[in-house]
Every structure is written in structure tokens, then in C-alpha cells.
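First the structure, in the form of C-alpha cells, and then the observations on it.
Number of protein chains: 2
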Amino acid sequence: MLFDKVTIIGIGLIGSSLARVIMKNKLAGKLCAYDKNPEYLAEAKELGVVDEISNDLGKAVENADLVVYATPVGAYGEITRQIVPYLKKGVILTDVGSVKKYSIREIEENLPAGADIVVVPGHPVAGTEKSGPANGFDSLFEGRWYIVTPCSRSTDEAIAKVSEIWSAAKMRVDKMTPEHHDKVMAAVSHLPHLIAFSIVGTVSDLEGYEKQEIIKYSASGFRDFTRIAGSDPTMWRDVFLNNKETILELIQRFVEDLIALERNIRWNEGDKLFDLFSRTQKIRKEVIEAKQEQPEHEKRLLAEIKKLDK
Amino acid sequence: MLFDKVTIIGIGLIGSSLARVIMKNKLAGKLCAYDKNPEYLAEAKELGVVDEISNDLGKAVENADLVVYATPVGAYGEITRQIVPYLKKGVILTDVGSVKKYSIREIEENLPAGADIVVVPGHPVAGTEKSGPANGFDSLFEGRWYIVTPCSRSTDEAIAKVSEIWSAAKMRVDKMTPEHHDKVMAAVSHLPHLIAFSIVGTVSDLEGYEKQEIIKYSASGFRDFTRIAGSDPTMWRDVFLNNKETILELIQRFVEDLIALERNIRWNEGDKLFDLFSRTQKIRKEVIEAKQEQPEHEKRLLAEIKKLDK
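Chains as they are written, first to last, in the working numbering: chain X, 1 to 310; chain G, 1001 to 1310.
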């Protein structure tokens, strides 16, 4: 047992998956969940992924040794203000947010200056396009990376304890500055998601097209974008607004490249197209070799398809 | 037995998968393959997916009742010019190209005016990002759509015979004009592929980033684009150059939408982001409900991952 009491705020896909890991590995004496959505809370209780639920945020964190923020990052400031009066001395606050500079600021700025509160900001780089506690599963994190991004309120001891939880979830642990984290994630995660949301919007808005025909033939490419663009709207709104500078910069670079490609097509520059596509094919091979295709996610997709096909 | 002799020109992913279907269902008395790549040809022979191979295009099509073009569409004109002297009277030419207006023109323009040659242009809307005969499999087409796009040289009888092959491959058969086909595919397939190629190029070129770090964290979104951008460079070069007008028009619409989204982020218009992402989430649900997630592809992905993980 790592902690006497753990409280997870936000029992959605990530929160409930983490809860399953904590329960399965008996990492907490008591595991409590709070969510502002009463349905999620009731579902979590029914699914048995936590010991107790509370719709009172203050009570939920009382006596907790570890509090996990697993909500969209836009809610961190308000949550912190609300829980401060109820926090135990020496408590560790940690989070799972996809942007770190902003998350850390929202938590730190709302903590009393001298308070004995430790903060371990982190990001388990895992997820699916699904939301809610019913879609969580304990192997979600398996083989993926947990990135811890220490801040001024972090201690080595607390970092080690929080990392132990993620190791139990079979994650590999990495450490970076919040700035570096946000820069890397902008490229590998935020920009790709933004592009997917954008193209799914464009294609589904095309006048002169039958929407049913678009859906019918979606398996030829469009479908893969809809998967990414099916991700949680609130979470992604908060990510884009709170890693703004880097994302705006990357959109500009992407548009420049796309316009260049458009020009290659217009002027029949087939050799340039071929060169780019050969380069991207090599990148694909590197991704495969780095084993970044994830078995668990694919297995679940398959199970889901089988259910649908019945 | 539907045909005495069938010849497949181009024994890559699609050609070899079709060959497997024809062999398994005994649809041809003899199945012959030609490919300009001697390695592909030898592989096809070794895999036993055809009865015979030939590195002489003329000889390969001699006496064939059905000739299948399964090469990048840019090669159709040259192939047609080369095979015309060897074609049997009443032969049916068919193809699997992803653009139809251009494919039909390249074939028709190179056939002698009065010749007794029937043409059934078509597109089995299926594939993976892999290339080559070793990556083909007979269930590739299962549950997907085959679109036949009749031209002036098509006959109802030939359309029915060719469609029977694809029905044996467990495809559902649909019919459209070549123009409509190219318009729909531009939206659901060509634009998404172009965007994927483009973003993988952008992200892998970013200065100030470690390429290894991009690969390491690719599972958070970028990976899904690399899959699509791992598709055959020659095939896609030919598609983009030969469905040019529609694709250029769609790129413009996409860029407009992306710039609008960029502006929403810059001006903190969170409600607009949320609205778009909620819409795209609905589209995702419609795709799932239309059963456009494909079991076979996912199963193979999984098998491949398992091999890698050993």
C-alpha cells in the first residue's frame, strides 16, 4: 500500500482507468472519487472501480494523502481554490493533464504560499477517443510513457511515490521540463488532433455532397480521422487554448507545407510528391520499429467491432 | 469457373489479394500475373497466389478473357498501348484504380476504334498502407464496397461478370458515374491522405525537435497519421495528379476552415472550438454505426504487432 487514502477528481476515461490500476494493485487503503457529473460518479460506484464516491469536493479530498486531478485542465484553478481548505498537511497533488505549463500555474497560483502541499505534475501519454468511466480499462497505460514534469513544489520523494503508481500501470517513466513537454506534445499530439478535428469538420460540411455517402465510404481514409476527432471536446478545447503559442506556430508551419504541396500538384511536380511520400513512408517504418503501435488499444477496437457486427 | 484465363497486371497489395480470391474461389481456369518488378513476380509465384507468371506483358495477356490493371493509374496508357496487339477478341479489361475519369481516358484513348474490346472500370475501395504481394490477403475486400463506373465500352454482361469476382471477394457492389466517384473519393480518401502525408512531413521536419523524441511519443496522435502516410508513394502521386481539380478545390476549403480554427484559438473562442469538436464527435458515432470500422484490417494489425512484440 503506497497511500492511506487517494482521491481522484474526475472519474472519466483516464481517472477511471487509473482507479482500476490502484484497486487491482491495492495501492491505496481507500480510493475515493469525485466528479461534478453525478452519472459518472454513480457509474464508477456501480462498476466498483473505487471504494467510495462523493459529490462534495471538499469532503472527497479530506484526509487524502494523494489527490489526482483527472479533469480537463481548464478546471484546475477552480478545483484548487475549492480544495485548499480541506487538504491534509503533506498531501501530494498530482494531475494527468496534456498541457503542463498552464496546469502547473493554475495549481501553484492557487495554493497558499507557505502551505505544506507537494505538487507532482505529470502526464500519462495514453488514451482512446472514448470518454467516461465505462470506457476505462486497467491496461490502457501498458507500455506507454508517463512524463513527470517537476515544478517548484515537487520533492524527489513525492515524484518517486507518484511514479510508482504509473509503474504499476506498466508505464515507462520519463522526466522533462514543463516547457519541453508542451513543445513535444504540440507536435506529436496537439497539432495532429487539431488537423483531424478540422478535416472532419471540412468534409462533413461540404455542400454538394451527400452526408450518407461520405459515411458509407469513410473507410478509405476519412474514418481514421473521425476516430481522432471523436475525442473529448472539453478536454481538447482546454488543450488548444492553453498551449496556444506553440500550437499557433505549428499550424502556420503546417499550412505553409500544405500550400507547397498544393502547388506541386497544380504544377504537376510528380517527383516532389514522390519524394515527400517516400520520406513519410520511412517515418512510418520508424514508428513501427519503435513499437509505438499499441496492442491494447487495437485489441479493444477489435472487441468493439465484434460486438457491433453481432 | 467464370473465366478461362485471367491476367493480373501488377501483383502488389491489391493485385495479389485479388489473385488469392480468384484462386480460392476457382474463378479462373488459369491465373497469370505480370509485374515490371521481377521481385514481386517471383514472390507471387513462390506464395502460390497465381498459376503462372510472365515478365513479358504481351505474352501474359495472350488468350486472356479478363485482364485486370492493378498498377498505379499513371501506367495505364503505356500498358494499354503495349497489350493491344496481343488481346483476344471479346476480352474484358478492368482495373482497380482510385481515380476513374483519368483511368478510363487512358485506357479508351489507346484502344483501336472498332476493336472488340470491352472495358469495365472499377474501384474496390479497400487497402492497407502496405505494398507488395506478401502483404496481400484474401479477406482484404470483405464487407467493403466495390464501385463500378461504366464507360462507353462497358456492357451489362461484362459488368455482371466482373462484379461476380468482387462479390466472391465478399464486397458490396455499387455503381456510379466516373465523375461522381472521383468527387466522393476526393473527399473521403484523397484529401485525408494528402493531409496525412503533409502533416507527417511537417512534423518530421520541425527544427528544434529531436526526431527520436517525435517517434517515441508518436502514439499520442501522430502515429495514426503515419499509418496513412505510409501508403504507396507512386500510387498516391498518380492519384493526386489525376484528380487534380477536385483535390485543389478541397485543399482550399480545408485551409480556409483550418485558418478559421486558428483564429478561434488565437482569440480564445472556446465555445466555437467546443461546438466544432462536438460536431466531429457526432460524425464519429455515425461512422461507427455505419460499421465502417473494418475487422479484417484491425485483426491483421494486431497480428503484426504481436509478431513485433516477440
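The beta carbon of each residue, even a glycine, is placed where N, CA and C say it ideally should be. As the structure is a prediction and not an experimental result, all values here were calculated from the model.
Is it buried or exposed, residue i, if we count other Cβ atoms within 10 angstroms and call 16 or more buried?
| i | result |
| --- | --- |
| Thr1226 (chain G) | buried |
| Met1171 (chain G) | buried |
| Met1235 (chain G) | buried |
| Ile1289 (chain G) | Checking the sequence shown, residue 1289 (chain G) turns out to be Glu, not Ile. Exposed is the call here. |
| Met1 (chain X) | exposed |
| Gln281 (chain X) | buried |
| Ala113 (chain X) | exposed |
| Arg1237 (chain G) | buried |
| Gly201 (chain X) | buried |
| Lys211 (chain X) | exposed |
| Asp224 (chain X) | buried |
| Glu1256 (chain G) | exposed |
| Asp1095 (chain G) | buried |
| Glu1078 (chain G) | exposed |
| Gly208 (chain X) | exposed |
| Pro1038 (chain G) | exposed |
| Ser1152 (chain G) | exposed |
Starting from the C-beta of residue i, find all residues in its chain whose C-beta is less than 7 Å away, skip the five residues before and the five after it, and write them out in chain order.
| i | result |
| --- | --- |
| Ser54 (chain X) | Cys32, Tyr34 and Ala60 |
| Asp1232 (chain G) | Ser1131 |
| Trp1145 (chain G) | Val1125, Met1171, Arg1172 and Asp1174 |
Taking C-alpha atoms, which residue in the options lies nearest to residue i?
| i | options | result |
| --- | --- | --- |
| Val125 (chain X) | X:Lys45, X:Lys175, X:Arg279 and X:Ala229 | X:Lys175 |
| Leu1047 (chain G) | G:Phe1222, G:Asp1232, G:Met1023 and G:Asn1242 | G:Met1023 |
| Ala187 (chain X) | G:Lys1088, G:Leu1241, G:Asp1205 and G:Asn1243 | G:Asp1205 |
| Phe1141 (chain G) | G:Cys1151, G:Ile1165, G:Pro1150 and G:Ser1154 | G:Ile1165 |
| Ile199 (chain X) | G:Tyr1086, G:Asp1065, G:Phe1277 and G:Gly1058 | G:Phe1277 |
| Ser1167 (chain G) | G:Val1255, G:Ser1154 and G:Gly1143 | G:Gly1143 |
| Phe1254 (chain G) | G:Ala1229, G:Lys1216 and G:Ala1196 | G:Ala1196 |
| Ala1229 (chain G) | X:Ser220, X:Asn63 and X:Arg153 | X:Ser220 |
| Ala28 (chain X) | X:Leu273, X:Leu57 and X:Ala64 | X:Ala64 |
| Asn1242 (chain G) | G:Val1118, G:Ser1154 and G:Val1073 | G:Val1073 |
| Ile1251 (chain G) | X:Asn264, X:Val118, X:Val287 and X:Pro150 | X:Asn264 |
| Ser1098 (chain G) | G:Gly1270, G:Leu1066, G:Val1084 and G:Gly1127 | G:Gly1127 |
| Pro1178 (chain G) | G:His1123, G:Lys1100 and G:Ser1218 | G:Lys1100 |
| Lys1244 (chain G) | X:Asn37, X:Lys244, X:Glu245 and X:Asn268 | X:Asn268 |
| Lys26 (chain X) | X:Leu13, X:Pro38, X:Val49 and X:Asn37 | X:Val49 |
| Val1148 (chain G) | G:Pro1121, G:Ile1092 and G:Lys1088 | G:Pro1121 |
| Arg266 (chain X) | G:Gln1082, G:Lys1285, G:Asp1271 and G:Glu1249 | G:Glu1249 |
| Pro1150 (chain G) | G:Pro1192, G:Ser1103 and G:Glu1129 | G:Ser1103 |
| Leu1066 (chain G) | G:Lys1088, G:Ile1092, G:Gln1082 and G:Asp1056 | G:Ile1092 |
| Val287 (chain X) | G:Pro1192, G:Leu1258 and G:Tyr1217 | G:Tyr1217 |
| Ile283 (chain X) | G:Leu1013, G:Glu1129 and G:Pro1192 | G:Glu1129 |
| Glu62 (chain X) | X:Val84, X:Ser154 and X:Leu13 | X:Val84 |
Suppose the cutoff is 8 Å on Cβ atoms and the five residues either side in sequence are ignored; what does the same chain contact list for residue i look like?
| i | result |
| --- | --- |
| Ala42 (chain X) | Ile53 |
| Phe1240 (chain G) | His1190, Leu1194 and Ile1247 |
| Ile1214 (chain G) | Val1203, Ser1204, Leu1206 and Phe1222 |
| Lys30 (chain X) | Asp4, Lys5, Val6, Asp51 and Glu52 |
| Leu261 (chain X) | Leu273 and Leu276 |
| Gln1082 (chain G) | Leu1057 and Gly1058 |
Counting only the same chain and skipping the five closest in sequence on each side, list residues whose C-beta sits under 6 Å from that of residue i.
| i | result |
| --- | --- |
| Ile1011 (chain G) | Ala1033, Asp1035, Tyr1040, Ala1044 and Pro1133 |
| Leu308 (chain X) | Model confidence at Leu308 (chain X) stands at a pLDDT of 49, short of 50, so the residue's coordinates are unreliable; what they give is reported in the following sentence. There are no such residues. |
| Gly90 (chain X) | Asp116 |
| Thr1080 (chain G) | Ile1107 and Asn1110 |
| Ile1008 (chain G) | Gly1015, Ala1019, Ala1033, Val1068 and Ala1070 |
| Arg1058 (chain G) | Per the sequence shown, residue 1058 (chain G) should be read as Gly rather than Arg. The residues are Tyr1086. |
| Lys1088 (chain G) | Asn1063 |
With a threshold of 8 Å, establish whether the CB of residue i neighbours any heavy atom of the ligand COA.
| i | result |
| --- | --- |
| Ser1154 (chain G) | With respect to the ligand COA, the structure offers nothing, as it holds no ligand at all. |
- Query: Using 8 Å as the Cβ pair cut-off and three pairs as the minimum, do the region 180-188 of chain X and the region 152-172 of chain X touch?
  - Reply: Fewer than three beta-carbon pairs drawn from the region 180-188 of chain X and the region 152-172 of chain X are found closer than 8 Å, and the two stretches are therefore not classed as touching.
- Message: Three Cβ pairs or more, each shorter than 8 Å: is that satisfied between the region 1135-1143 of chain G and the region 1012-1024 of chain G?
- Response: Segments in contact, yes.
- Query: Going along the region 244-259 of chain X in order, which residues come within less than 9 Å of chain G, judged by CB to CB distance?
  - Reply: Those would be Lys244, Ile247, Leu248, Leu250, Ile251, Gln252, Arg253, Phe254, Val255, Glu256, Asp257, Leu258 and Ile259, in chain order.
- Task: Taking a Cβ distance cut-off of 8 Å, strictly less, list which residues of the region 257-279 of chain X are near chain G, in chain order.
- Result: Asp257, Leu258, Ile259, Leu261, Glu262, Ile265, Arg266, Asn268, Gly270, Leu273, Phe274, Leu276, Phe277, Ser278 and Arg279
- Task: For the region 1100-1117 of chain G, enumerate the residues whose C-beta is nearer than 8 Å to any C-beta of chain C, in chain order.
- Result: This model lacks chain C altogether; the protein chains it does include are X and G.
- Contacting positions in the region 211-226 of chain X - beta carbon closer than 9 Å to chain G: Hits within the stretch, in order: Lys211, Gln212, Glu213, Ile214, Ile215, Lys216, Tyr217, Ser218, Ala219, Ser220, Gly221, Phe222, Arg223, Asp224, Phe225 and Thr226.
- Query: For the region 136-149 of chain X, which residues have a CB atom closer than 7 Å to at least one CB atom of chain G, in sequence order?
  - Reply: Arg144 and Trp145
- Contact list for the region 1022-1045 of chain G against chain X, Cβ threshold 9 Å: none
- Message: By the 9 Å beta-carbon criterion, what residues does the region 194-210 of chain X contribute toward chain G?
- Response: Leu194, Ile195, Ala196, Phe197, Ser198, Ile199, Val200, Gly201, Thr202, Val203, Ser204, Asp205, Leu206, Gly208, Tyr209 and Glu210
- Task: Give the residues from the region 1175-1187 of chain G that approach chain X closer than 8 Å (Cβ to any Cβ), ordered along the chain.
- Result: Lys1183, Val1184, Met1185 and Ala1187
- Item | Residues from the region 65-89 of chain X in contact with chain G, defined by Cβ distance under 7 Å | none
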